[in-house]
Structures are given as C-alpha cells and as structure tokens.
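> In case it helps, this note's numbering puts the sequence shown at residues 128 to 233. Here a beta-carbon is modelled for each residue, glycine too, at the ideal position from N, C-alpha and C. If you're wondering where the values come from, they're calculated on a predicted model, not measured in any experiment. Quick one: structure below, then a few questions.
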Amino acid sequence: MRRICFIALLLAAAGVQADPLLRLPEPVAVPPAAVTQLEWNNSRPEQRQALDHFYRSLQSQQPDLNSQQLQRQQHIDQLRGMSPEQRQQQFLNFIQQQNAATLPPR
128 MRRICFIALL LAAAGVQADP LLRLPEPVAV PPAAVTQLEW NNSRPEQRQA
178 LDHFYRSLQS QQPDLNSQQL QRQQHIDQLR GMSPEQRQQQ FLNFIQQQNA
228 ATLPPR
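This is the structure in structure tokens:
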C-alpha cells in the first residue's frame, strides 16, 4: 500500500513539473523606492477639503482630551490622599449608585 501511494505521489509530482500551466508565476522585482514612498496629491478640491476636515476634527478633540486627562489626574490625586477605608467606602457607594440606577422601579 505504501508503494502505491509513493508511486502515485511521484507521478503526480512529475505531472506538475511537466505541465507549464500548473507552475507558479515568477515573482516580479519591485524597486525599493516604490515600496517605501507614498505619493499624495491633494490638488483636487475634494481631497484638500477632506484633509482640512480631518485636521480640524483632530484639533477639536484636543481640548476634550486635555480636560479628561486633567479630571483623571485630579481624581487619582484625590484617591491617593484617602485612607484605605475611605476608598473602600467610596467604592461601595459607587456600587450602590450603579445598582440603584440599573434596577427597575418597584
């Protein structure tokens, strides 16, 4: 049985080598400069408008991020100034508030 499988495998391999349609295509050489450079042409008005809109949206998000970071830092400083018992009590209060907000009214 092993010999039959081995012979079939040899014949199949010989058939693949003999049939030019089953060969893999040769790789195309790409110059390194074409791979590493990206050309962006924003001469069209819609491209320039999209780019301006993108930059404006990034700038409008900056104040929000700064205020969020400031709030987080203030909260961290507040927590560091508390005793472990105070932090635990604040956490329990938070859990109770969350449970009260998610439970349906009776």
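Looking at the unbroken alpha helix (DSSP H) that takes in residue 197, where does it start and where does it end?
Residue mapping note: residue 197 aligns to position 70 of the sequence shown, counting from 1. From DSSP, the alpha helix (DSSP H) with residue 197 extends over 172 to 207.
> Assuming residue 206 and residue 214 are in contact, meaning their beta carbons sit under 8 Å apart, how far apart are those beta carbons, in whole angstroms?
On the sequence shown, residue 206 is found 79 positions in, with the first residue counted as 1. On the sequence shown, residue 214 is found 87 positions in, with the first residue counted as 1. With 8 Å as the limit, residue 206 and residue 214 qualify as a contact, their Cβ atoms being about 6 Å apart.
> Suppose you measure from the CA of residue 222 to the CA of residue 228; what does that come to, to the nearest Å?
Counted from its first residue, the sequence shown places residue 222 at position 95. Counted from its first residue, the sequence shown places residue 228 at position 101. When rounded, the distance between both Cα atoms is 10 Å.
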